[in-house]
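Residue numbers (my numbering): 18 to 269.
Structure, as C-alpha cells:
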Ligand SMILES: [Zn+2]
Ligand SMILES: [Zn+2]
C-alpha cells in the first residue's frame, strides 16, 4: 500500500536519512583532497607521503624545530621552559593548503583527520624517543588547546583547535580541559615577530583549575613560538605542573 508519509521519508530513521543526505552530497560535490584537489579522500595518500615529517629524535624539545637536538638555531631554548615541544611536520608541501582548507575554507571534516595525525605524532615520539618525549601523551592529566580570538571565532564560525582537540581526546582517551580564554583580537599573522611576542604576552587567561596537572597543549602552527609560550606560561602561572606542546606544523 502506498503511504505518502513513508515515501517522503518521514518514517525512516534519522541515521539512514543522514547517510542518504551524505551520499547525495558526495555525488553533487565529491570529496576532494584538501592538499591537491584530487577526488577521493580529504587528505590523499600522496599528500600524506609528501608531508615533511619532523624526526622526534632530532627535533628541538623547546620549540619543535627539526635538527635542534644539540643546539637549536630557531629558539636558543627559549620557547618552553616547563615542558617539551613537538610538531608533526614542517609548514611546507601540502600542509599549508590543508590547514587553510580547514581553518578558512570551511572543511570541518578535516578536524578528526588532523587530530589523528597529531595523535600519531605524539605516539610515535613517545615510542622512538622516550627519553625526550616520553609521557607527553600517556602521562598527561588533560589536553588543553590554544583558543581562537573572538574575531577569528566570529569570522570562521568555529574554534578550529577546539574541534581538533575534541577529536584528539576522543581517540586518545585523555580528558579535554577548556582552560584558556584569549583576549584581544589582533590577528597574529598580520604582525611582525617583535609585535607578535608583545601581543602574545599576557593575552591568555586561565579559566579552569589546572593546579598540579600535567597538560598537553595543542596548537596548529608554531611560527615564533610566542603563542604557545604565552599560553603555556599562563597555565604554569595558574599552577600547572608541566605543559608540553604539540603542533601540526613548525615554520622555520
Ligand atoms: Zn592530495
Ligand atoms: Zn628550538
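Each residue gets a CB set at the ideal place from its N, CA and C atoms; glycine is no exception.
Cβ distance (whole Å) where residue 224 is taken to contact residue 198 below 8 Å: 5 Å
Whole-angstrom distance between residue 240 and residue 135, CA atom to CA atom: When only Cα atoms are considered, residue 135 and residue 240 end up about 17 Å apart.
Any beta strand (DSSP E) of 3 or more consecutive residues that is wholly inside the segment 25-96: none
Which of helix, strand or coil DSSP assigns to residue 231: Per DSSP, reduced to three states, the secondary structure at residue 231 is strand.
Cβ-Cβ distance between residue 153 and residue 101 below 7 Å: yes
Residue 246 - DSSP class collapsed to helix/strand/coil: Helix at residue 246.
Residue 86 versus residue 70 - alpha carbon distance: 15 Å
Neighbourhood of residue 165 by C-beta, 6 Å cutoff - its chain only, sequence neighbours within 5 removed: Excluding sequence neighbours, residue 165 sits near 176.
Supposed close pair residue 104, residue 92 - CB separation, criterion 8 Å: Wrong, their Cβ atoms sit about 12 Å apart, outside the cutoff.
Proximity test, residue 80 beta-carbon vs ligand 2 heavy atom, cut-off 6 Å: yes
Residue 114: CB within 6 Å of a non-hydrogen atom of ligand 1: no
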